[in-house]
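Trainee: Following this message is one structure expressed as structure tokens.
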Amino acid sequence: DEIAAARAALDPPDEVARFRGLLDVLDRVLPEDRIVAGDSTQPVYAANHLLGIARPRSWLMPIGYGCLGCALPMAIGAKLAAPDRPVIALAGDGGFQFTIQELATARDLGAGVVAVVYDNRGYGEIRDAMDHAGIGHVGTDSTTHDLVTIASGYGVAAHRGRSLDELEAQLMAALASGAPTVVEYAAA
């Protein structure tokens, strides 16, 4: 049936659809005037297809450049430019560590950005590409970091969510606080 085939063609592929729950939480919690700064990470690639953006200058992502670590600095800049708008940085745990020291900048400037960090214990996009190419993993796994402890070392509140319900509650509290916050969400 042509109609069924057309509808099926609109369904996102599994590598995108698996982030629907995370992105639905962001859509539900973040108000329409939100700014989202995205890193080069799987949830951001999925967000290109699934996250609603209602206003111009609200979706910041360096498409095509593979910039690991850019989400947090971009979010800080966006918050300084638009202090009355809610701003989040969406990053993976591997890329977030490239610029995690900028939490100190956010705190010093009082930039109330919320970093939502998707924890897949390393570099999931690169790991998946290696799997697809049939080669072994090299430098893609990172299991020794504790982002909550590191963030607290910078004087920044941090939380670890293990379910979408926890993520939603933590994100709502972080946005309400007006302070720089890290909300880590573990991959299922």
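Start counting the sequence shown at 94; every next residue gets the next number (the working numbering). Glycine included, every Cβ here is placed at the ideal spot set by N, Cα and C.
#1: How close, in whole Å, do the beta carbons of H252 and V276 come, if the pair is a contact with beta carbons under 8 Å?
#2: Could you tell me the boundaries of the alpha helix (DSSP H) in which V288 lies?
#3: Considering H282, what are the terminal residues of the alpha helix (DSSP H) in which it resides?
#4: With a cut-off of 8 Å on the beta carbons, I'd call H180 and I128 a contact; round off their distance for me.
#5: With DSSP as the reference, label G131 as helix, strand or coil.
#6: Measure the Cβ-Cβ separation of Q147 and E125 and say whether it is below 8 Å.
#7: Does DSSP put D234 in a helix, in a strand, or in coil?
#8: Out of curiosity, what's the CA-to-CA distance linking K172 and I96?
#9: Report the residue from C163, P106, H225 and L183 whose alpha carbon sits nearest the alpha carbon of E195.
#10: Among the residues of its own chain, which have a CB less than 7 Å from the CB of H230, if the five just before and after it don't count?
#11: Cβ atoms of V118 and L264: under 8 Å apart, would you say?
#12: DSSP state of A204, grouped into three classes?
#13: Thinking just about the alpha-carbon of each residue, which of V109, A98, P176 and G254 is nearest to the one in L143?
#14: Might you give, ordered along the chain, the residues of its own chain that have their beta carbon closer than 6 Å to the beta carbon of F112, omitting 5 neighbours on each side?
Mentor: With the structure as the only source:
#1: 5 Å
#2: A query on residue 288 cannot be resolved here, the shown segment of the chain reaching from 94 to 281 and no further.
#3: Lying outside 94 to 281, the shown extent of the chain, residue 282 is not represented and no answer is given.
#4: For clarity, residue 180 is Val in the given sequence; the question names His instead. Yes, V180 and I128 are in contact; Cβ-Cβ is about 5 Å, under 8 Å.
#5: strand
#6: As written in the sequence, residue 147 is Ala, which differs from the Gln given in the question. Yes, they are a contact pair.
#7: strand
#8: 45 Å
#9: C163
#10: R220 and M223
#11: yes
#12: coil
#13: V109
#14: P136 and A139
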